[in-house]
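Asker: First to last, the protein sequences are chains A and B.
For the first sequence, our numbering gives the first residue as 406, with consecutive numbering after it.
For the second sequence, our numbering gives the first residue as 75, with consecutive numbering after it.
For glycine and all other residues, C-beta sits at the position ideal for the given N, C-alpha and C.
Just passing along the structure, written as structure tokens.
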Amino acid sequence: MTNLNNSSLLEIVNLIKSKKVSSLEITKHFIKNIEKSKKLNSFITTCFEESLKKAKDFDEKKNFDGLLSGVPLAIKDLFCTKNVKTTAGSKILENFIPTYESTVSNNLWSEGAILLGKLNCDEFAMGSSNETSFFGNTINPIGKDLVPGGSSGGSASALAANLTPATIGTDTGGSIRQPASFTGTVGLKPTYGLCSRWGIVAFASSLDQAGPMTKNVKDCALLLEAMSGYDEKDSTSINKKKEKYSKNLSEKIKGLKIGIPKEYRVENMPKEIDILWKKGIDILKKSGAKIVDISLPHTKYALPTYYIVAPAEASSNLARYDGVKYGYRSKKGKNLIEMYENTRGEAFGDEVKRRILIGTYVLSSGYYDAYYLKAQKVRKLIKNDFDKCFKNVDAILTPSTPSSAFKIGEKTNDPISMYLNDIFTVPVNLAGIPAISIPAGQDKQGHPLGLQLITNTLDEQKILNIALAMEKSIAFKQSIDRWWE
Amino acid sequence: MSIDKNQVKKVAKLSRISLDDSKLESLSKDLASILNFVEQLNKLDTKKIEPLTSVVNKTLDPRKDKINDGEIKNEILKNSPEKNEDFFIVPKVVE
């Protein structure tokens, strides 16, 4: 049998479609890998019995119409899954069993995929290292003492460790792209509105967007095609025809103009990142693209804008966790208000509390104009920067992160130093445009580093094409010794 | 911007989050450093700028006002921490 650990999602799809391997064999293979991966702590919930049953059913019926026919997949525990526990990495949802399925995960099952389990993440997706999860740290398969990034850290860890052939995450300020960069995998944040938000545990609704996390760009195109699409249940879903990203994939990028923004050359950026960026520029030049120097003058204001907008929206979204209809409830409290306060005090983690407090503060009477309204105005300036640039360039190339994966515990004492990790990823969320991180090299310690491509609204085909061309030239290789087994 | 322990208590009250007194000190320090960080925005003149409230330019699509699910009362109640037949139970609200 083919070594499934080296197989991409597309290869697995083809193995099943050509009847070389059954869905049951593939599912058993990944279950075996997952059972040996306890040390990584990338799973919160597994549902093997149900997965095996579905794989058997699939093999009996043999319907190969779907894009993901018979493929087992694990997904971030932020997507509500009907009758399967969904925690968002929080104690407050420790025992929550949704009565409905998120649109995006439902799209995967409609294309023939089978759920393996739910992947660890930062609590309510608030974090850049997976260290805020109530269910403990997830470990980066690259190294025992390294974080996998966050918030989709469990997704990135499971993908890099071959516990799932591909996965989906969510990205509010970099939560798909930063962990992809930290684990040597591909992560795409689509245009805001391309993938439905319905049934995803909400963090910051004007920024949240689901996207694919895969081993390569072809897989990324396939998974995006499967998960995206208009949904009337999401009022900000974009109503347009479904694209055939994988069929239209082309590595011909000759003549495209790629912008290099000077503002992304930040102070104290490790030399290795700068070298990597230059390598990316050279590769694009060799592929026939034209390199243009551009300016996105409000870049440095993106992070402070984000840390007003995101907590403000989070404080409103998380008001629903009150211990009444579902979730954890405190046993302490003499009256209803005290019950609310104790429930939320006992069941939210420190980072979630910090963000709710900041959000409540910036929205409170007397501060709204100074903080929230101001941030929305600066958000407009950031969007204008991108709009202006995309009149002249097809895409923008930047590093994905200012460093490679850091050590567990290294940044937990200083929220600001943790926030700075998202410096290159946040502007894109504020502007609602797509961005992809692809593995582009390694630093001195052998830890992977990613490059980020950004395009204009709904230019997913273009971003995938450029990424494919770069991937071919970079020929990134990573060998992980499966030390956790 | 500094934010003292009393302000933290007030915001915690508004947020319906009980806090240990022992955590107030470090929390007010954290919040002050975050507020200090975001106040960089004051360097920008935004008098003539319209706030961006959504990146999707669309008007809401109207839909038919019809029931498309329901009859799942028991499933919904299963998730409740405390229930009694058809009701969610909460601590006494009215004396």
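Going by C-alpha to C-alpha distance, which of A:Val-489, A:Gly-750, A:Pro-666 sits closest to A:Ile-502?
Answerer: Mapped onto the first sequence, residue 502 of chain A falls at position 97. That would be A:Val-489, whose Cα lies nearest to the Cα of A:Ile-502.
Asker: Could you give the DSSP three-state label for A:Val-833: helix, strand or coil?
Answerer: Position 428 of the first sequence holds residue 833 of chain A. Helix, per DSSP.
Asker: Determine, using beta-carbon pairs with one atom in the segment 818-835 of chain A and one in the segment 734-741 of chain A, whether at least three such pairs fall under 8 Å.
Answerer: no
Asker: Can you have a look at A:Asn-740 and say buried or exposed, based on whether 16 or more other CB atoms are within 10 angstroms of its CB?
Answerer: The residue labelled residue 740 of chain A in the question sits at position 335 within the first sequence. Flag for A:Asn-740 reads exposed.
Asker: With A:Gly-764 as the anchor, note down where its alpha helix (DSSP H) starts and where it stops.
Answerer: As a working note, residue 764 of chain A is residue 359 in the first sequence. Secondary structure note for A:Gly-764: its alpha helix (DSSP H) is the uninterrupted segment 755-768.
Asker: Please tell me whether A:Gln-850 has its Cβ less than 8 Å away from any Cβ of chain B.
Answerer: Counting from 1 along the first sequence, the entry for residue 850 of chain A is found at position 445. No, its Cβ sits nowhere closer than 8 Å to a Cβ of chain B.
Asker: So who's on the other strand from A:Asp-698, going by DSSP bridges?
Answerer: Taking the first residue of the first sequence as position 1, residue 698 of chain A is located at position 293. Paired residue(s): A:Ile-665.
Asker: Please list, in chain order, all residues of the same chain as A:Asp-790 whose beta carbon is under 7 Å from its beta carbon, the five residues on each side excluded.
Answerer: Numbered from 1 along the first sequence, position 385 holds the residue referred to as residue 790 of chain A. Closer than 7 Å at the Cβ level, and outside the excluded window around A:Asp-790, lie Leu-701, Pro-702, His-703.
Asker: Go ahead and pull the three-state DSSP assignment for A:Ile-801.
Answerer: The residue you call residue 801 of chain A lines up with position 396 of the first sequence. Here A:Ile-801 sits in strand by DSSP.
Asker: Measure the alpha-carbon distance for A:Ala-872 versus A:Leu-858 and round it to whole angstroms.
Answerer: If you number the first sequence from 1, residue 872 of chain A lands on position 467. If you number the first sequence from 1, residue 858 of chain A lands on position 453. Distance between the alpha carbons of A:Ala-872 and A:Leu-858: 7 Å.
Asker: For A:Pro-595, which residues of its own chain have a beta-carbon under 7 Å away from its beta-carbon, when the five flanking residues on both sides are left out?
Answerer: Position 190 of the first sequence, counting from 1, holds the residue named residue 595 of chain A. So the list reads Gln-614, Gly-616, Leu-629, Ser-633, Pro-839, Glu-865, once near-sequence residues are dropped.
Asker: For the beta strand (DSSP E) containing A:Phe-448, list its first residue and its last residue.
Answerer: If you number the first sequence from 1, residue 448 of chain A lands on position 43. First-last of the beta strand (DSSP E) with A:Phe-448: 448-451.
Asker: Could you name the residues of chain B that A:Gly-532 contacts, counting a contact when the two beta carbons are closer than 8 Å?
Answerer: For this step, residue 532 of chain A is matched to residue 127 along the first sequence. Those do not exist, as A:Gly-532 stays about 14 Å from chain B at its closest Cβ, beyond 8 Å.
Asker: Would you check if the distance between the CB atom of B:Lys-87 and the CB atom of B:Ser-102 is smaller than 8 Å?
Answerer: On the second sequence, residue 87 of chain B is found 13 positions in, with the first residue counted as 1. On the second sequence, residue 102 of chain B is found 28 positions in, with the first residue counted as 1. Not in contact: B:Lys-87 and B:Ser-102 (Cβ atoms no closer than 8 Å).
Asker: Does B:Asn-158 come out as helix, strand or coil in the three-state DSSP assignment?
Answerer: Numbered from 1 along the second sequence, position 84 holds the residue referred to as residue 158 of chain B. Residue state, collapsed to three classes: strand.
Asker: Nearest-angstrom Cα distance between A:Phe-608 and A:Ala-479?
Answerer: Residue mapping note: residue 608 of chain A aligns to position 203 of the first sequence, counting from 1. Residue mapping note: residue 479 of chain A aligns to position 74 of the first sequence, counting from 1. Cα to Cα, A:Phe-608 sits roughly 21 Å from A:Ala-479.
Asker: Skipping 5 residues on each side, what residues in its chain have a beta carbon closer than 7 Å to that of A:Gly-903?
Answerer: Outside the shown range of chain A, which is 406 to 890, sits residue 903 of chain A, and nothing can be said about it.
Asker: On the criterion of 16 or more Cβ atoms from any shown chain inside 10 Å, does A:Gly-855 qualify as buried, or is it exposed?
Answerer: By one-based count along the first sequence, residue 855 of chain A stands at place 450. Looking at its Cβ environment, which holds 16 or more other Cβ atoms inside 10 Å, A:Gly-855 is buried.
Asker: So, using beta-carbon positions, are A:Ser-428 and A:Gly-494 closer together than 8 Å?
Answerer: Numbered from 1 along the first sequence, position 23 holds the residue referred to as residue 428 of chain A. Numbered from 1 along the first sequence, position 89 holds the residue referred to as residue 494 of chain A. The answer is no: Cβ separation not under 8 Å.
Asker: Which two residues bound the contiguous beta strand (DSSP E) that contains A:Thr-860?
Answerer: Indexing the first sequence from 1 puts residue 860 of chain A at position 455. Segment 853-860, the beta strand (DSSP E) holding A:Thr-860.
Asker: Are the segment 764-775 of chain A and the segment 657-676 of chain A touching, with three or more C-beta to C-beta distances below 8 Å?
Answerer: Contact fails: fewer than three Cβ-Cβ distances are below 8 Å.
Asker: Roughly how many whole angstroms lie between the Cα atoms of A:Gly-598 and A:Ile-605?
Answerer: Position 193 of the first sequence, counting from 1, holds the residue named residue 598 of chain A. Position 200 of the first sequence, counting from 1, holds the residue named residue 605 of chain A. Going from the Cα of A:Gly-598 to the Cα of A:Ile-605 covers about 13 Å.
Asker: What would DSSP say about A:Thr-486, mapped onto helix, strand or coil?
Answerer: In the first sequence, residue 486 of chain A corresponds to position 81, counting from 1. In this structure, A:Thr-486 counts as strand in the three-state DSSP scheme.
Asker: How big is the Cα-Cα spacing for A:Ser-423 and B:Arg-137?
Answerer: As a working note, residue 423 of chain A is residue 18 in the first sequence. As a working note, residue 137 of chain B is residue 63 in the second sequence. Roughly 43 Å separates the two Cα atoms.
Asker: Determine, using beta-carbon pairs with one atom in the segment 90-99 of chain B and one in the segment 745-761 of chain A, whether at least three such pairs fall under 8 Å.
Answerer: yes
Asker: Find the residues of chain A that neighbour B:Ile-141, judging by a C-beta separation of less than 8 Å, and give them in chain order.
Answerer: Taking the first residue of the second sequence as 1, we reach residue 141 of chain B at position 67. By Cβ distance, chain A contributes nothing, its closest Cβ being about 14 Å from B:Ile-141, past 8 Å.
Asker: Looking at A:Cys-526 and A:Ser-507, is the spacing between their C-beta atoms short of 8 Å?
Answerer: One-based indexing of the first sequence puts residue 507 of chain A at position 102. One-based indexing of the first sequence puts residue 526 of chain A at position 121. No, the pair does not count as a contact, with Cβ atoms beyond the cut-off.
Asker: Work out the CA separation of A:Leu-681 and A:Ser-586 for me, nearest whole Å.
Answerer: Within the first sequence, residue 586 of chain A is the residue found at index 181, counting from 1. Within the first sequence, residue 681 of chain A is the residue found at index 276, counting from 1. Rounded to the nearest angstrom, the two C-alpha atoms are 13 Å apart.
Asker: List, in chain order, every chain A residue whose beta-carbon is nearer than 7 Å to that of B:Asp-104.
Answerer: Counting from one through the second sequence, the residue named residue 104 of chain B turns up at place 30. Those within 7 Å of B:Asp-104 in chain A are Arg-759, Pro-820.
Asker: With A:Gln-583 as the anchor, note down where its beta strand (DSSP E) starts and where it stops.
Answerer: On the first sequence, residue 583 of chain A is found 178 positions in, with the first residue counted as 1. Run containing A:Gln-583: none in the beta strand (DSSP E); it sits in the alpha helix (DSSP H), 582-588.
Asker: Suppose contacts are defined by Cβ-Cβ distances below 8 Å. Is A:Ser-809 in contact with A:Pro-844 by that definition?
Answerer: Mapped onto the first sequence, residue 809 of chain A falls at position 404. Mapped onto the first sequence, residue 844 of chain A falls at position 439. Taking 8 Å as the Cβ cut-off, A:Ser-809 and A:Pro-844 do not qualify as a contacting pair.
Asker: From the DSSP output, in three-state form, read off A:Ile-643 for me.
Answerer: As a working note, residue 643 of chain A is residue 238 in the first sequence. Reduced to three states, the DSSP call for A:Ile-643 is coil.
Asker: Take A:Phe-881 and list the residues in its own chain whose beta-carbon comes closer than 6 Å to its own, dropping the five residues that flank it on each side.
Answerer: Counting from one through the first sequence, the residue named residue 881 of chain A turns up at place 476. Counting only Cβ-Cβ distances below 6 Å, and skipping sequence neighbours, we find Pro-844.
Asker: Rounded to whole angstroms, how far is the Cβ of A:Thr-572 from the Cβ of A:Ala-563, which I believe are closer than 8 Å?
Answerer: The count along the first sequence starts at 1 and reaches residue 572 of chain A at position 167. The count along the first sequence starts at 1 and reaches residue 563 of chain A at position 158. About 6 Å separates the two Cβ atoms, so the contact holds.
Asker: Measure from the C-beta of B:Thr-120 to each C-beta in chain A and report whether the shortest distance is under 8 Å.
Answerer: Position 46 of the second sequence, counting from 1, holds the residue named residue 120 of chain B. Taking Cβ atoms only, chain A reaches closer than 8 Å to B:Thr-120, which makes this a yes.
Asker: Run through the segment 462-519 of chain A for me and flag every whole alpha helix (DSSP H) of 4 or more residues, listed as ranges in chain order.
Answerer: 508-515
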